[in-house]
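Following: one structure in C-alpha coordinates, then a few remarks.
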Amino acid sequence: MQFNRFRKFFLLTLVFLASCAANTPSLQNNAVAPAKTTRLKEFSYRIVKSYPHDPKAFTQGLQFYQGYLYEGTGGREGDDFFSTLRKVDLETGRVLKKYELPRDYFGEGITIYDNKIYQLTWQEMTAFVYDLNDFTLLREIRYPGEGWGLTSDGTDLIMSDGTHVLRFVDPESFKTKRTIVVRDESGRPLARLNELEFIKGEIWANVWETPFIVRIDPETGKLLGRIDFTDLIEQVRRNNRKADVLNGIAYDSSADRIFITGKLWDKVYEIQVQEK
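Everything in the sequence shown is counted per the working numbering, starting at 2 for the first residue and increasing by one.
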(Lines of atoms letter the chains of each structure in order from A and count residues from 1; the text may use other names and numbers.)
(Lines give C-alpha, C1' and ligand atoms only; values in the text may rest on other atoms or scores of the structure.)
Protein backbone atom coordinates (compact mmCIF):
# COMPACT_ATOMS: atom_id res chain seq x y z
CA MET A 1 0.00 0.00 0.00
CA GLN A 2 2.73 2.38 0.96
CA PHE A 3 4.63 1.49 -2.21
CA ASN A 4 1.54 2.14 -4.39
CA ARG A 5 1.02 5.57 -2.78
CA PHE A 6 4.65 6.46 -3.43
CA ARG A 7 4.40 5.27 -7.01
CA LYS A 8 1.21 7.31 -7.58
CA PHE A 9 2.82 10.40 -6.07
CA PHE A 10 5.90 9.91 -8.22
CA LEU A 11 3.86 9.64 -11.44
CA LEU A 12 1.78 12.72 -10.61
CA THR A 13 4.95 14.69 -9.94
CA LEU A 14 6.36 13.71 -13.34
CA VAL A 15 3.14 14.77 -15.08
CA PHE A 16 3.16 18.12 -13.25
CA LEU A 17 6.79 18.83 -14.15
CA ALA A 18 6.20 17.92 -17.79
CA SER A 19 3.22 20.27 -17.90
CA CYS A 20 5.26 23.14 -16.45
CA ALA A 21 8.03 22.58 -18.97
CA ALA A 22 5.56 22.60 -21.85
CA ASN A 23 4.04 25.90 -20.74
CA THR A 24 7.30 27.71 -19.96
CA PRO A 25 8.65 29.84 -22.84
CA SER A 26 12.23 29.05 -23.72
CA LEU A 27 15.04 31.45 -22.89
CA GLN A 28 15.66 31.77 -26.60
CA ASN A 29 12.10 33.01 -27.20
CA ASN A 30 12.40 35.49 -24.34
CA ALA A 31 15.64 37.00 -25.62
CA VAL A 32 15.40 40.65 -26.72
CA ALA A 33 15.43 40.76 -30.49
CA PRO A 34 18.14 42.95 -31.98
CA ALA A 35 17.00 46.17 -33.65
CA LYS A 36 16.09 45.52 -37.25
CA THR A 37 18.49 47.21 -39.64
CA THR A 38 17.08 48.33 -42.97
CA ARG A 39 19.14 49.29 -45.97
CA LEU A 40 19.29 53.06 -46.25
CA LYS A 41 19.41 54.62 -49.70
CA GLU A 42 22.73 56.33 -50.28
CA PHE A 43 22.83 59.26 -52.68
CA SER A 44 25.71 60.80 -54.58
CA TYR A 45 26.00 64.40 -55.73
CA ARG A 46 27.47 66.39 -58.58
CA ILE A 47 28.59 70.00 -58.28
CA VAL A 48 26.84 72.01 -60.98
CA LYS A 49 28.27 75.42 -60.13
CA SER A 50 29.85 77.35 -57.27
CA TYR A 51 29.06 80.90 -56.18
CA PRO A 52 30.91 83.39 -53.95
CA HIS A 53 30.01 83.35 -50.25
CA ASP A 54 31.09 85.62 -47.40
CA PRO A 55 33.84 83.65 -45.58
CA LYS A 56 32.98 85.52 -42.37
CA ALA A 57 29.37 84.32 -42.40
CA PHE A 58 28.81 81.69 -39.71
CA THR A 59 25.87 80.18 -41.60
CA GLN A 60 22.99 78.92 -39.46
CA GLY A 61 20.10 79.14 -41.90
CA LEU A 62 19.74 79.34 -45.69
CA GLN A 63 16.74 79.93 -47.95
CA PHE A 64 16.26 80.65 -51.66
CA TYR A 65 13.27 82.79 -52.53
CA GLN A 66 12.31 84.64 -55.71
CA GLY A 67 15.82 84.78 -57.12
CA TYR A 68 17.75 85.61 -53.95
CA LEU A 69 19.46 83.81 -51.11
CA TYR A 70 18.39 84.65 -47.58
CA GLU A 71 20.85 83.74 -44.86
CA GLY A 72 20.84 83.70 -41.08
CA THR A 73 24.22 83.84 -39.35
CA GLY A 74 25.31 83.28 -35.76
CA GLY A 75 27.70 84.92 -33.33
CA ARG A 76 27.78 86.75 -30.01
CA GLU A 77 29.74 89.54 -28.38
CA GLY A 78 33.37 88.46 -28.34
CA ASP A 79 33.12 86.26 -31.44
CA ASP A 80 34.77 87.16 -34.74
CA PHE A 81 31.37 86.97 -36.44
CA PHE A 82 27.92 88.36 -35.65
CA SER A 83 24.30 87.26 -35.75
CA THR A 84 22.60 88.71 -38.80
CA LEU A 85 19.79 88.25 -41.29
CA ARG A 86 20.86 88.83 -44.89
CA LYS A 87 19.52 89.08 -48.41
CA VAL A 88 22.26 87.97 -50.79
CA ASP A 89 22.79 88.12 -54.55
CA LEU A 90 23.52 84.52 -55.51
CA GLU A 91 25.78 85.22 -58.50
CA THR A 92 28.08 87.72 -56.78
CA GLY A 93 27.69 86.88 -53.08
CA ARG A 94 27.03 90.56 -52.42
CA VAL A 95 24.95 91.30 -49.33
CA LEU A 96 22.02 93.45 -50.51
CA LYS A 97 20.28 93.89 -47.17
CA LYS A 98 21.28 93.10 -43.60
CA TYR A 99 19.75 93.21 -40.13
CA GLU A 100 22.03 92.81 -37.11
CA LEU A 101 20.63 91.06 -34.05
CA PRO A 102 21.45 92.33 -30.55
CA ARG A 103 24.94 91.12 -29.61
CA ASP A 104 23.65 88.92 -26.79
CA TYR A 105 21.56 86.83 -29.23
CA PHE A 106 23.00 83.94 -31.25
CA GLY A 107 21.10 83.69 -34.53
CA GLU A 108 20.05 80.31 -35.87
CA GLY A 109 17.80 78.83 -38.59
CA ILE A 110 15.53 80.87 -40.85
CA THR A 111 12.54 80.26 -43.09
CA ILE A 112 10.12 82.34 -45.14
CA TYR A 113 6.40 81.97 -44.55
CA ASP A 114 3.50 84.25 -45.54
CA ASN A 115 5.80 87.10 -46.68
CA LYS A 116 7.61 87.06 -43.37
CA ILE A 117 11.04 85.79 -42.37
CA TYR A 118 11.30 83.78 -39.17
CA GLN A 119 14.66 83.48 -37.42
CA LEU A 120 15.42 81.29 -34.40
CA THR A 121 17.97 81.95 -31.69
CA TRP A 122 20.13 79.31 -30.09
CA GLN A 123 19.63 79.52 -26.31
CA GLU A 124 17.63 82.73 -25.97
CA MET A 125 14.28 80.95 -26.61
CA THR A 126 13.21 83.76 -28.93
CA ALA A 127 12.15 83.83 -32.58
CA PHE A 128 12.35 87.08 -34.52
CA VAL A 129 9.78 87.77 -37.24
CA TYR A 130 10.66 90.25 -40.00
CA ASP A 131 8.93 91.84 -42.95
CA LEU A 132 10.24 90.06 -46.04
CA ASN A 133 10.72 93.22 -48.09
CA ASP A 134 12.44 95.68 -45.76
CA PHE A 135 13.56 93.47 -42.81
CA THR A 136 11.51 95.52 -40.35
CA LEU A 137 11.29 93.58 -37.08
CA LEU A 138 7.58 92.83 -36.66
CA ARG A 139 7.52 90.82 -33.45
CA GLU A 140 9.30 88.43 -31.12
CA ILE A 141 7.90 85.04 -30.13
CA ARG A 142 9.02 82.97 -27.16
CA TYR A 143 9.42 79.20 -27.34
CA PRO A 144 10.80 76.53 -24.99
CA GLY A 145 14.25 75.02 -25.40
CA GLU A 146 16.96 75.65 -27.94
CA GLY A 147 16.49 76.69 -31.55
CA TRP A 148 18.65 75.19 -34.30
CA GLY A 149 17.13 74.67 -37.76
CA LEU A 150 13.89 75.96 -39.26
CA THR A 151 11.84 75.29 -42.39
CA SER A 152 8.18 75.18 -43.44
CA ASP A 153 5.93 72.70 -45.23
CA GLY A 154 3.58 75.52 -46.25
CA THR A 155 1.29 75.04 -43.25
CA ASP A 156 3.49 74.68 -40.18
CA LEU A 157 6.98 75.73 -39.27
CA ILE A 158 9.31 72.79 -38.61
CA MET A 159 12.13 73.29 -36.14
CA SER A 160 15.05 71.31 -34.77
CA ASP A 161 16.66 71.76 -31.37
CA GLY A 162 19.81 69.66 -31.68
CA THR A 163 18.09 66.45 -30.59
CA HIS A 164 16.44 63.65 -32.59
CA VAL A 165 13.02 65.34 -32.38
CA LEU A 166 11.51 67.70 -34.95
CA ARG A 167 8.67 69.97 -33.87
CA PHE A 168 5.84 71.17 -36.10
CA VAL A 169 4.77 74.53 -34.66
CA ASP A 170 2.07 77.08 -35.33
CA PRO A 171 3.55 80.12 -37.14
CA GLU A 172 1.61 82.59 -35.01
CA SER A 173 2.07 81.18 -31.52
CA PHE A 174 4.97 78.74 -31.93
CA LYS A 175 2.91 76.22 -29.99
CA THR A 176 3.86 72.66 -30.85
CA LYS A 177 1.18 70.89 -32.92
CA ARG A 178 3.01 67.59 -33.27
CA THR A 179 6.47 66.05 -33.16
CA ILE A 180 8.33 63.30 -34.99
CA VAL A 181 11.26 61.21 -33.77
CA VAL A 182 13.94 60.78 -36.42
CA ARG A 183 15.61 57.36 -36.41
CA ASP A 184 18.51 55.95 -38.37
CA GLU A 185 18.45 52.72 -40.38
CA SER A 186 19.04 50.69 -37.20
CA GLY A 187 16.08 52.27 -35.43
CA ARG A 188 18.22 54.38 -33.11
CA PRO A 189 17.31 58.05 -32.53
CA LEU A 190 19.37 60.32 -34.80
CA ALA A 191 20.38 63.40 -32.81
CA ARG A 192 22.17 66.66 -33.74
CA LEU A 193 19.69 67.54 -36.47
CA ASN A 194 20.58 71.07 -37.48
CA GLU A 195 19.74 73.22 -40.53
CA LEU A 196 16.54 72.16 -42.31
CA GLU A 197 14.97 72.52 -45.75
CA PHE A 198 11.68 71.21 -47.13
CA ILE A 199 12.27 69.72 -50.59
CA LYS A 200 9.58 67.96 -52.64
CA GLY A 201 7.67 66.70 -49.62
CA GLU A 202 10.77 65.67 -47.64
CA ILE A 203 12.68 67.30 -44.81
CA TRP A 204 16.39 67.58 -45.54
CA ALA A 205 18.64 68.09 -42.52
CA ASN A 206 22.30 68.71 -41.83
CA VAL A 207 23.57 66.45 -39.06
CA TRP A 208 25.87 68.63 -36.98
CA GLU A 209 29.58 67.81 -37.02
CA THR A 210 29.11 65.10 -39.66
CA PRO A 211 29.49 65.20 -43.46
CA PHE A 212 25.89 64.03 -43.90
CA ILE A 213 22.65 65.51 -45.10
CA VAL A 214 19.72 63.18 -44.40
CA ARG A 215 16.32 63.01 -46.06
CA ILE A 216 13.42 62.51 -43.66
CA ASP A 217 9.79 61.43 -44.04
CA PRO A 218 7.82 64.29 -42.41
CA GLU A 219 5.03 61.95 -41.29
CA THR A 220 7.02 59.13 -39.69
CA GLY A 221 10.53 60.46 -39.06
CA LYS A 222 11.96 57.56 -41.05
CA LEU A 223 15.16 58.23 -42.98
CA LEU A 224 14.59 58.14 -46.72
CA GLY A 225 18.21 58.58 -47.69
CA ARG A 226 21.62 60.03 -46.88
CA ILE A 227 24.17 62.08 -48.82
CA ASP A 228 27.85 61.99 -47.84
CA PHE A 229 29.78 65.21 -48.52
CA THR A 230 33.13 64.08 -47.10
CA ASP A 231 35.00 64.76 -50.36
CA LEU A 232 33.58 68.27 -50.72
CA ILE A 233 34.36 69.18 -47.11
CA GLU A 234 37.96 68.03 -47.53
CA GLN A 235 38.26 70.09 -50.70
CA VAL A 236 36.82 73.19 -49.01
CA ARG A 237 39.18 72.89 -46.04
CA ARG A 238 42.24 72.47 -48.25
CA ASN A 239 41.52 75.90 -49.72
CA ASN A 240 40.10 77.56 -46.61
CA ARG A 241 41.61 76.52 -43.29
CA LYS A 242 39.02 78.51 -41.32
CA ALA A 243 36.09 76.66 -42.88
CA ASP A 244 33.81 75.10 -40.26
CA VAL A 245 31.11 72.43 -40.59
CA LEU A 246 28.73 71.80 -43.47
CA ASN A 247 25.56 73.75 -42.64
CA GLY A 248 23.06 75.32 -44.99
CA ILE A 249 20.55 73.89 -47.48
CA ALA A 250 18.40 75.96 -49.84
CA TYR A 251 15.99 74.90 -52.57
CA ASP A 252 14.92 76.84 -55.64
CA SER A 253 11.56 75.24 -56.41
CA SER A 254 11.05 77.26 -59.61
CA ALA A 255 14.15 75.77 -61.27
CA ASP A 256 14.55 72.61 -59.16
CA ARG A 257 17.98 73.66 -57.87
CA ILE A 258 19.60 72.71 -54.55
CA PHE A 259 22.28 74.82 -52.86
CA ILE A 260 24.52 73.96 -49.93
CA THR A 261 27.20 75.77 -47.96
CA GLY A 262 28.86 75.74 -44.55
CA LYS A 263 29.92 77.94 -41.68
CA LEU A 264 32.71 80.30 -42.76
CA TRP A 265 32.80 78.74 -46.23
CA ASP A 266 33.81 80.98 -49.12
CA LYS A 267 31.45 79.34 -51.61
CA VAL A 268 27.86 78.21 -52.06
CA TYR A 269 27.51 75.07 -54.17
CA GLU A 270 24.69 74.19 -56.51
CA ILE A 271 24.38 70.40 -56.58
CA GLN A 272 22.46 67.64 -58.31
CA VAL A 273 21.66 64.53 -56.30
CA GLN A 274 21.08 61.00 -57.53
CA GLU A 275 20.85 57.55 -55.98
CA LYS A 276 24.05 55.52 -56.05
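The beta-carbon is built from N, C-alpha and C at its ideal position, and this holds for glycine as well.
In the structure shown, residue 246 adopts coil according to DSSP, grouped into three states. When only Cα atoms are considered, residue 47 and residue 274 end up about 7 Å apart.
Per DSSP, reduced to three states, the secondary structure at residue 183 is coil, with no helix or strand assignment.
With respect to residue 86, residue 68 sits apart: the two C-beta atoms are not nearer than 8 Å. Selection 271, 136, 111, 266 evaluated against residue 260 yields 271 as nearest (Cα-Cα).
Going by DSSP, residue 240 is part of no beta strand (DSSP E) but of the alpha helix (DSSP H) stretching over 231-240.
CA-to-CA, the gap between residue 181 and residue 102 works out to about 30 Å.
In the three-state scheme derived from DSSP, where H, G and I count as helix and E and B as strand, residue 192 is classed as coil. In the structure shown, residue 38 adopts coil according to DSSP, grouped into three states. Rounded to whole angstroms, residue 232 and residue 129 show a C-alpha spacing of 36 Å. The secondary-structure analysis by DSSP pairs residue 99 across a beta bridge with 87. Counting other Cβ atoms within 10 Å of its Cβ, residue 124 stays below 16 and is therefore classed as exposed. In this structure, the straight-line span from the alpha carbon of residue 258 to that of residue 137 is close to 29 Å.
Judged by beta-carbon spacing, residue 267 lies beyond the 8 Å limit of residue 248, meaning their Cβ atoms are not closer than that value.
Straight through space, the alpha carbons of residue 195 and residue 60 are spaced by roughly 11 Å.
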